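Protein chains in written order, with this note's numbering: chain A, 1 to 247; chain B, 1001 to 1311. Even for Gly, the Cβ is constructed at its ideal location relative to N, Cα and C. What you are looking at is a predicted structure, and each value in this text was computed from that prediction instead of being measured. Presented below is the structure to which this report refers.
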Amino acid sequence: MSEILRVENVSRRFGGLLALDRAALTVTEGQIVALVGPNGAGKTTLFSIVTGFLKPTDGRVFYRGAEITGMPPHLLARRGIARTFQIAQPFAGLTVRENIAVGAHLSRPARADALAAAEDVAQAVGLTPALDRPAASLTVAGRKRLELARALAIEPQLLLLDEVLAGLNPSELRDMVPVIRAIAQRGITILMIEHVMQAVMSLAEGVFVLAEGRIIAHGAPREIAADPRVIEAYLGHGAAERMRQHG
Amino acid sequence: MKSYASIAAVVALLACVPLLTASNVALNFMVVALLIALVGQGWNVLGGYGGQYSFGHAAFFGTGAYVTAILQVHYGLNAWLGLVIGIAAGALIGAITGALSFRSGLRGSYFALVTLAFAEVLRIVASVAPITGAGVGTLIKLDLRWETFQFQSRAPFYWIILAFVAASLVLVKLMEGSRFGAYLVAVRENEDAAKAVGIDVLRVKLAAMTLSAAITAAGGCFYAQYFLFLDAGIAYGPWISVEALLAPIIGGIGTVYGPLLGALVVKTLGEVTKLATGDAPGLDLVIYGCVLILVVAFAPQGIAGLLRRRA
Ligand SMILES: Nc1ncnc2c1ncn2[C@@H]1O[C@H](COP(=O)(O)OP(=O)(O)OP(=O)(O)O)[C@@H](O)[C@H]1O
Ligand SMILES: [Mg+2]
């Protein structure tokens, strides 16, 4: 199994705030890897650096062994790196079909081909009934699906999902988890930011934990859930100790 | 295919106008309306489809007009050749102003202000430069021949500007159905999302501005041949920047027929106002302003949007 993404000691400063502090991670091709961590840990910032939307203050990013640090987003997308946005960014004035077709155009110059491909992608994420609705009229769950569909439409090799499960109700969650699993089964490597632990447990093969800009732990989902450092990062200093005492 | 048939039908209908009336006043009215439709279609490509609102399309109109005129007056070039070079020069100015403003990341009202500033700089330069005739203006020598793009009657002018408008309608329709058109609209709707799916936002904007400027410059070239006189205020004045955006906004922004519909409505309103008030200076602008407010408030998709809602 070869390594598809490597983030090497990436730091990013926003004025006085060090949002990322020498964060490092690697993703193996074909896997689903989760990136978890408390609010404000720097997860989205890391995604933005990998996808070229932000430049790191320091550190380097490699994709399939080649350095991509600081490359513009559209070139990275053309190389096969797709992302979704935590706050959905639809082409609001367009229909769902047109939204997805914009992504499909990357490898399909003809409009008819892109529109046809959009239908297939919509099918894969369960958006078929909404194809002709304006993107602006979608619910939160619908918008998450559209984010996913548009990213898939560029036929990526590495897919970065920023909280596509957040804000979904339990039944929507049950629908989405298999969709993500099916995407991975098509051979697309997935790095996902996720707060929904139940989904991380069932989907991810590896987990990286980011807290205050640093990767504080990584391993299999079971190990991570039991790691005192991780519990402390979420619940505060001394939490692991207290949990043990109270059984 | 159906939409190209509808363009053909509209153009064929309009082509009959000179057969129905020989009135110079009526034909002149139609020529000017179609000229504004063409200039407005240029604006529509960048503003309507690309969401980049320019307030300085006079820069392209004036460049087309001056290049056509100066090449004939000072260099004895054929007028038709002047037309081609005028369009190319307008496109070049579009590419340059686009590169300068988009590269520095200007958007929204900043972009509008910078385009206005470019047009104003060109106006001031044209009003002092010897080659434009400075304060006196440029007069193209009267020489009524087909080869010189000058005609005795209005009808040939009418058909030529109609052909330009027809070409612009087809061009914009083609664009709508192309990948470039889809990318341009995507950039208008959400730049970050566009980048994430592999769109080179800067390049798309530049291409749109170049095309937009070329179409508007064609209007400027035609203006020079039709009126045979230019000065800085005509060629680079704010009046044409206003007409260029008024027609598509009133007719239907980001639609194929918007600029044509809008130009006909705006020009008709202007004439009615003139008849009613006896040409009080500036009153037409007041009327335009009122119409613009009504459209923005009640029909953000313009007349084309209202028609579509009915259908
Ligand atoms: N453009 C920016 N300018 C200034 N500060 C920023 C910017 N983007 C993020 N930050 C700050 O950097 C820190 C990390 O933000 P980031 O969005 O990466 O966190 P996150 O882990 O994705 O959190 P969440 O779970 O809430 O989405 C936060 O403190 C945030 O306020
Ligand atoms: Mg985030």
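Ligand 2 heavy atom lying under 7 Å from the CB of residue i
i, result
"Ile-49 of chain A", "no"
"Lys-1205 of chain B", "no"
Helix, strand or coil at residue i according to DSSP, with G and I counted as helix
i, result
"Phe-47 of chain A", "helix"
"Arg-181 of chain A", "helix"
"Pro-1248 of chain B", "helix"
"Met-1030 of chain B", "helix"
"Asn-9 of chain A", "strand"
"Phe-1164 of chain B", "helix"
"Phe-14 of chain A", "strand"
"Asp-1312 of chain B", "This structure gives no information on residue 1312 of chain B, because the portion of chain B shown stretches from 1001 to 1311."
"Asp-58 of chain A", "strand"
"Ile-193 of chain A", "strand"
"Glu-29 of chain A", "coil"
"Val-36 of chain A", "strand"
"Tyr-63 of chain A", "strand"
"Arg-111 of chain A", "helix"
"Asp-120 of chain A", "helix"
"Thr-1068 of chain B", "helix"
"Ile-1140 of chain B", "coil"
"Leu-20 of chain A", "strand"
"Ile-1199 of chain B", "coil"
Spatially closest choice to residue i from the options, by CA coordinates
i, options, result
"Ala-101 of chain A", "A:Ala-114, A:Asp-162 and A:Ala-124", "A:Ala-114"
"Val-1011 of chain B", "B:Pro-1018, B:Asp-1231, B:Gly-1282 and B:Ala-1166", "B:Ala-1166"
"Leu-54 of chain A", "A:Gly-40, A:Pro-38 and A:Leu-20", "A:Leu-20"
"Ala-77 of chain A", "A:Val-207, A:Gln-198 and A:Ile-154", "A:Ile-154"
"Asp-120 of chain A", "A:Ala-149, A:Ala-92 and A:Gln-31", "A:Ala-149"
"Phe-85 of chain A", "A:Glu-98, A:Ser-48, A:Val-96 and A:Tyr-63", "A:Ser-48"
"Pro-178 of chain A", "A:Gly-126, A:Gly-103, A:Ala-118 and A:Lys-43", "A:Gly-126"
"His-195 of chain A", "A:Asp-162, A:Ala-220, A:Gly-213 and A:Asp-175", "A:Asp-162"
"Gly-1040 of chain B", "B:Gly-1251, B:Ala-1299, B:Trp-1146 and B:Pro-1300", "B:Gly-1251"
"Ser-1109 of chain B", "B:Phe-1055, B:Val-1128 and B:Val-1136", "B:Phe-1055"
"Gln-1225 of chain B", "B:Ala-1213, B:Ala-1232, B:Ile-1161 and B:Arg-1203", "B:Ile-1161"
"Asp-1284 of chain B", "B:Ile-1070, B:Ala-1208, B:Thr-1268 and B:Ala-1217", "B:Thr-1268"
"Leu-5 of chain A", "A:Arg-13, A:Ile-32, A:Gly-15 and A:Leu-18", "A:Ile-32"
"Ala-184 of chain A", "A:Gly-30, A:Asn-169, A:Gly-80 and A:Arg-133", "A:Gly-30"
"Lys-1185 of chain B", "A:Ala-24, A:Arg-64 and A:Thr-95", "The displayed chain sequence assigns Val, not Lys, to residue 1185 of chain B. Of A:Ala-24, A:Arg-64 and A:Thr-95, the residue nearest in Cα terms is A:Thr-95."
"Ile-216 of chain A", "A:Ser-11, A:Arg-12, A:Leu-17 and A:Val-36", "A:Val-36"
"Asp-132 of chain A", "A:Arg-97, A:Ala-166, A:Gly-103 and A:Ala-151", "A:Arg-97"
"Met-192 of chain A", "A:Pro-170, A:Ala-166, A:Ala-92 and A:Ser-171", "A:Ala-166"
"Gly-187 of chain A", "A:Ala-24, A:Thr-28, A:Leu-18 and A:Gln-245", "A:Thr-28"
"Gly-206 of chain A", "A:Met-71, A:Asn-169, A:Thr-26 and A:Leu-146", "A:Thr-26"
"Val-164 of chain A", "A:Leu-235, A:Ala-66 and A:Ile-190", "A:Ile-190"
"Ile-1287 of chain B", "B:Gly-1270, B:Trp-1043 and B:Leu-1169", "B:Gly-1270"
"Ala-1033 of chain B", "B:Gly-1219, B:Leu-1275 and B:Gly-1278", "B:Gly-1219"
"Ala-182 of chain A", "A:Ile-68, A:Pro-170, A:Leu-203 and A:Glu-212", "A:Leu-203"
"Phe-91 of chain A", "A:Met-71, A:Ala-151, A:Gly-42 and A:Gly-59", "A:Ala-151"
"Glu-8 of chain A", "A:Leu-146, A:Gln-198, A:Arg-60 and A:Pro-38", "A:Arg-60"
"Val-1272 of chain B", "B:Phe-1029, B:Val-1045 and B:Leu-1100", "B:Phe-1029"
Residue i Cβ short of 7 Å to ligand 1 heavy atom set
i, result
"Phe-14 of chain A", "yes"
"Ala-19 of chain A", "yes"
"Gly-40 of chain A", "yes"
"Gly-167 of chain A", "no"
"Gly-37 of chain A", "yes"
Ligand 2 site residues, beta-carbon cut 7 Å against heavy atoms: This selection yields A:Lys-43, A:Thr-44, A:Gln-86, A:Asp-162, A:Glu-163 and A:Ile-193.
In chain order, each beta strand (DSSP E) run of at least 3 residues that lies wholly inside the segment 122–190 of chain A: 158–162
Ordered list of beta strand (DSSP E) runs contained in the segment 1222–1294 of chain B, each at least 3 residues: none
In chain order, each beta strand (DSSP E) run of at least 3 residues that lies wholly inside the segment 206–241 of chain A: 206–211 and 214–219
Unbroken stretches of the alpha helix (DSSP H), 4 residues or longer, contained in the segment 1077–1134 of chain B: 1079–1103 and 1108–1128
Every unbroken alpha helix (DSSP H) within the segment 60–103 of chain A, with a cutoff of 4 residues, ordered by chain: 73–79
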